[in-house]
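Visitor: Numbering (the working numbering), first residue to last: 233 to 580.
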Ligand code: TXA
Ligand code: MG
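1) Between residue 478 and residue 247, what straight-line distance do the alpha-carbon atoms span, to the nearest angstrom?
2) With 16 other CB atoms within 10 Å as the buried threshold, where does residue 363 fall?
3) Can you list, in chain order, the residues of its chain with a C-beta nearer than 8 Å to that of residue 445? Leave out the 5 residues immediately preceding and following it.
4) For the ligand MG, which residues count as neighbours when the test is a C-beta closer than 6 Å to any heavy atom?
5) Less than 7 Å separating the beta-carbons of residue 269 and residue 414?
6) Tell me whether residue 343 sits in a helix, a strand or coil according to DSSP, three-state version.
7) With a floor of 4 residues, list each alpha helix (DSSP H) that falls wholly inside the stretch 510–574, ordered by position along the chain.
8) From which residue to which residue does the alpha helix (DSSP H) around residue 287 run?
9) Please tell me whether, using a cut-off of 6 Å, the distance from the CB of residue 434 to the nearest non-hydrogen atom of the ligand TXA is below it.
10) DSSP three-state label for residue 252, please.
11) Look at the alpha carbon of residue 258 and the alpha carbon of residue 546, and state the distance between them as a whole number of angstroms.
12) Closer than 6 Å: is that where the CB of residue 263 sits relative to any heavy atom of the ligand NAD?
13) The ligand TXA heavy atoms versus the CB of residue 400: any closer than 6 Å?
14) Which same chain residues, not among the five before or five after residue 187, have their C-beta less than 8 Å away from its C-beta?
15) Alpha carbon to alpha carbon, how far is residue 307 from residue 372?
16) Let me confirm a value: residue 277 is counted as buried when at least 16 other C-beta atoms fall within 10 Å, else exposed. Which label applies?
17) From residue 304 to residue 381, what does the alpha carbon distance come to, in whole angstroms?
18) What is the DSSP secondary structure of residue 294, reduced to helix, strand or coil?
19) Using beta-carbon positions only, say whether residue 260 and residue 281 come within less than 7 Å of one another.
20) Go through the stretch 379–430 residue by residue and report every complete run of the alpha helix (DSSP H) that reaches 4 residues or more, in order.
21) Can you determine whether any heavy atom of the ligand TXA sits closer than 6 Å to the C-beta of residue 415, and answer yes or no?
22) With DSSP collapsed to three states, give me the class of residue 577.
23) Ends of the beta strand (DSSP E) at residue 583?
24) Using C-beta distances below 7 Å, list every residue in its chain close to residue 250, excluding the 5 sequence neighbours before and after it, in chain order.
25) Can you grab the Cα-Cα spacing for the pair residue 341 / residue 263, in whole Å?
26) With a cut-off of 8 Å, do at least 3 Cβ pairs link the stretch 556–566 to the stretch 520–533?
27) Which one of 338, 242, 574 has the shortest CA to CA distance from residue 406?
28) Among the candidates 508, 531, 580, whose CA atom is the shortest distance from the CA of residue 565?
29) So, is residue 335 buried or exposed, given that buried needs 16 or more other C-beta atoms within 10 angstroms?
30) For residue 279, count neighbouring C-beta atoms within 10 Å of its own C-beta (all shown protein chains included) and say buried if the count is 16 or more, exposed if not.
31) Can you give me the C-alpha to C-alpha distance between residue 319 and residue 443, rounded to a whole angstrom?
32) Find out if the Cβ-Cβ distance for the pair residue 551, residue 522 is shorter than 7 Å.
Now the structure itself:
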């Protein structure tokens, strides 16, 4: 049976609705809720059975651990075995917000959450609905992005319903998410600290507070043995739309030339071409069958906000191939490109 979607006031979440959602969490059910990054599929993070439901609903590989979401700093100390100085520095600056830290875990955390590792990922979201839900539930909430494994993360309640409407007990609709891509994941169990997943908070920003922080070698193109992959999420194909995506690189002139050639090539083959570009580049292009403008090149945050929504829109239309522009790999652009490269079947 399809689940209920309830609209919630983002600034002042209605107590009754939050209470109802919290009851579902306490009873071991699944509640999808908005965070400032993407929607999460939440369950009681201390309830093994409930956590197993998350894996089943998402068809998530068993070896990919979950993030525990908290609303009170005290809980960080209850979940982590040790909270190093670096962790305190980062959470002071970035929590609540789109930052996830990996620390050694306490024994009380079920192995189901951490996929049998001795570490746990923790985040304090800024979204008020998320915060109120965690507080009312009285437990840390385990929540991966609320999409089927491998699909683009959901940035609206409709996206969640599309993927997990039958498996979820309730979806809290807090509108379109503000940031649109997931949190940055940092491993603080190693020295120097490593970024495991680039996200909303950029490496440039993080370096101001942890000058020695590094990107995991896998993120800069090094091929590593599976054993050395710190974050299992790294090895899976992710964010993939249904139609193959070609990522187009180069300066503006080169990009436009490649676009034009590919648009003509696929149109001749009677293929439906979807185009995903900035408004600046679109001005120079012939039309595809579906044209989606991600935003302005001058505002990479806007591009990030619209990225997953664009990929999902192509899935809803009849498109055979997606042509997407590449963006500068600075600030949040690095996180955008990380996702686009994972989504791409070809880079030209
Ligand atoms: O913005 C976000 O982080 C969203 C919202 C809902 O909070 N959540 C999210 O969760 O993106 P998920 O499960 O889709 O991605 C979590 C990432 C995965 O790449 C996973 O491998 C990594 O974090 N991760 C979780 N626990 C870990 C651990 N103990 N060690 C290393 N990586 C871990
Ligand atoms: Mg995910």
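Don't be surprised by glycine CBs; every beta carbon is placed ideally from N, CA and C. Since the model is a prediction, treat every value here as computed from it, not as a measurement.
Guide: In terms of the structure at hand:
1) For the pair residue 478 and residue 247, the Cα-to-Cα distance works out to about 46 Å.
2) Answer is buried; the Cβ neighbour count reaches 16.
3) Once the five neighbours on either side are set aside, the close Cβ partners of residue 445 are 418, 424, 425, 426, 427, 435, 438, 439.
4) Result: 376, 377, 385.
5) Taking 7 Å as the cut-off, the beta carbon of residue 269 is found closer than this to the beta carbon of residue 414.
6) In the structure shown, residue 343 adopts helical secondary structure according to DSSP, grouped into three states.
7) Taken in chain order, the complete alpha helix (DSSP H) segments of 4 residues or longer contained in the stretch 510–574 are 511–514, 532–548.
8) Residues 280–290.
9) No, the beta carbon of residue 434 sits no closer than 6 Å to any heavy atom of the ligand TXA.
10) When DSSP states are grouped into helix, strand and coil, residue 252 belongs to the helix group.
11) Spanning the alpha carbons of residue 258 and residue 546 requires a straight line of approximately 37 Å.
12) You won't find the ligand NAD in this model; what it holds is the ligand TXA and the ligand MG.
13) Taking non-hydrogen atoms of the ligand TXA into account, the C-beta of residue 400 is found less than 6 Å away from none of them.
14) No answer is possible for residue 187: the residues shown for the chain start at 233 and end at 580.
15) CA-to-CA, the gap between residue 307 and residue 372 works out to about 8 Å.
16) Its Cβ being crowded by 16 or more others within 10 Å, residue 277 is buried.
17) For residue 304 and residue 381, the distance between alpha carbons rounds to 29 Å.
18) Coil, per DSSP.
19) For residue 260 and residue 281, yes; Cβs fall inside 7 Å.
20) Counting whole runs of 4 or more residues, the stretch 379–430 contains the alpha helix (DSSP H) stretches 389–396.
21) Residue 415 Cβ: within cutoff of the ligand TXA.
22) The three-state secondary structure of residue 577, taken from DSSP, is coil.
23) An answer regarding residue 583 cannot be provided, because it is not within the stretch 233 to 580 covered by the chain.
24) Closer than 7 Å at the Cβ level, and outside the excluded window around residue 250, lie 364, 365, 368.
25) Looking at the two C-alpha atoms, the distance is approximately 20 Å.
26) Three or more Cβ pairs drawn from the stretch 556–566 and the stretch 520–533 lie within less than 8 Å of each other, which places the two stretches in contact.
27) 242 is the residue among 338, 242, 574 whose C-alpha sits nearest the C-alpha of residue 406.
28) Selected option, being the one with the closest Cα: 531.
29) Sixteen is the threshold: when 16 or more other Cβ atoms of the shown chains lie within 10 Å of the Cβ of residue 335, as they do, the residue is buried.
30) Counting Cβ neighbours within 10 Å, residue 279 comes out buried, since at least 16 surround it.
31) Straight-line Cα distance between these residues: approximately 13 Å.
32) Less than 7 Å divides the Cβ of residue 551 from the Cβ of residue 522.
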